[in-house]
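Colleague: I'd like to ask you about the structure that follows.
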Amino acid sequence: MSTRYVVRVAEDPADREACFAVRKEVFVGEQGVPEDLEYDAHDAGAVHVLAVREDGVPLGTGRLLHGEAAVAQTGGDPSVGSLGRLAVAGPARGLGVGAALVRAIEDAARARGLAAVDLHAQTHALGFYERLGYQAYGPEYVEAGIPHQGMRRSL
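Quick note on numbering: numbering that gives the first Met the number 0 labels position 29 of the sequence shown as 28, and the sequence is numbered without any gaps.
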């Protein structure tokens, strides 16, 4: 059975709330990330993308930081965006939703004239990002109690 879905930029308040609900389910509920770490000041200016099933059920989300918000995340390079908070609800995993969200974030980065996208991958997801063209760099580190690895893809 295939699930049909669309991925769009979350421009209205209802879409943003759906993004935050998926993040809460995945990061706070499943992974135990403290809520005060999951949501931050960057959410207000980020480009959020949302995957929704045809009937409107949210399936996944991610965000792009750009400009000043991304500089601290990407080592000071203003031409690099920061992909983050990529989350896919349990029932939607394995359907291509995560890859579609990453591609939508890359499209948003290109639209803003960015040359590359950087991300902090949970180490269990390295293979997923490698298949999408991202390359690991630097040492592994722990963020919110979870092992991570820096990755980057030129656009």
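Glycine included, each C-beta is placed from N, C-alpha and C at the ideal position.
Helix, strand or coil for residue 73, going by three-state DSSP, please let me know.
Modeller: coil
Colleague: Taking the C-alpha atoms as reference points, what is the distance between residue 29 and residue 111?
Modeller: 33 Å
Colleague: Give the range of the alpha helix (DSSP H) segment to which residue 107 is assigned.
Modeller: 96–110
Colleague: Runs of 4 residues minimum, wholly inside the stretch 8–84: which ones carry the alpha helix (DSSP H) assignment?
Modeller: Runs found: 12–22, 34–37 and 67–70.
Colleague: Could you please give me the residues that DSSP links to residue 124 through a beta bridge?
Modeller: In DSSP, residue 124 forms no bridge with anything.
Colleague: Please return the same chain residues whose Cβ sits closer than 8 Å to the Cβ of residue 144, not counting the five positions on each side in sequence.
Modeller: 31 and 32
Colleague: Would you mind working out which of 45, 60 and 12 sits nearest residue 52, comparing C-alpha positions?
Modeller: With distances taken between Cα atoms, residue 52 lies closest to 60.
Colleague: Pull up the distance between the alpha-carbon of residue 119 and that of residue 54, whole angstroms please.
Modeller: 32 Å
Colleague: For residue 114, does the three-state DSSP call read helix, strand or coil?
Modeller: coil
Colleague: Beta-carbon separation of residue 154 and residue 105 under 8 Å?
Modeller: yes
Colleague: If you draw a straight line from the alpha carbon of residue 56 to that of residue 62, how long is it in whole angstroms?
Modeller: 19 Å
Colleague: With a threshold of 16 other CB atoms inside 10 Å of the CB of residue 136, please say whether the residue is buried or exposed.
Modeller: exposed
Colleague: What is the residue span of the beta strand (DSSP E) that residue 135 lies within?
Modeller: Run containing residue 135: 134–142, per the beta strand (DSSP E) assignment.
Colleague: Quick one: what does DSSP say residue 92 is sitting in, helix, strand or coil?
Modeller: Coil, per DSSP.
Colleague: By alpha-carbon positions, which one of 149, 12 and 37 ends up nearest to residue 121?
Modeller: 149
Colleague: Name the one or two DSSP bridge partners that residue 151 has.
Modeller: 117 and 134
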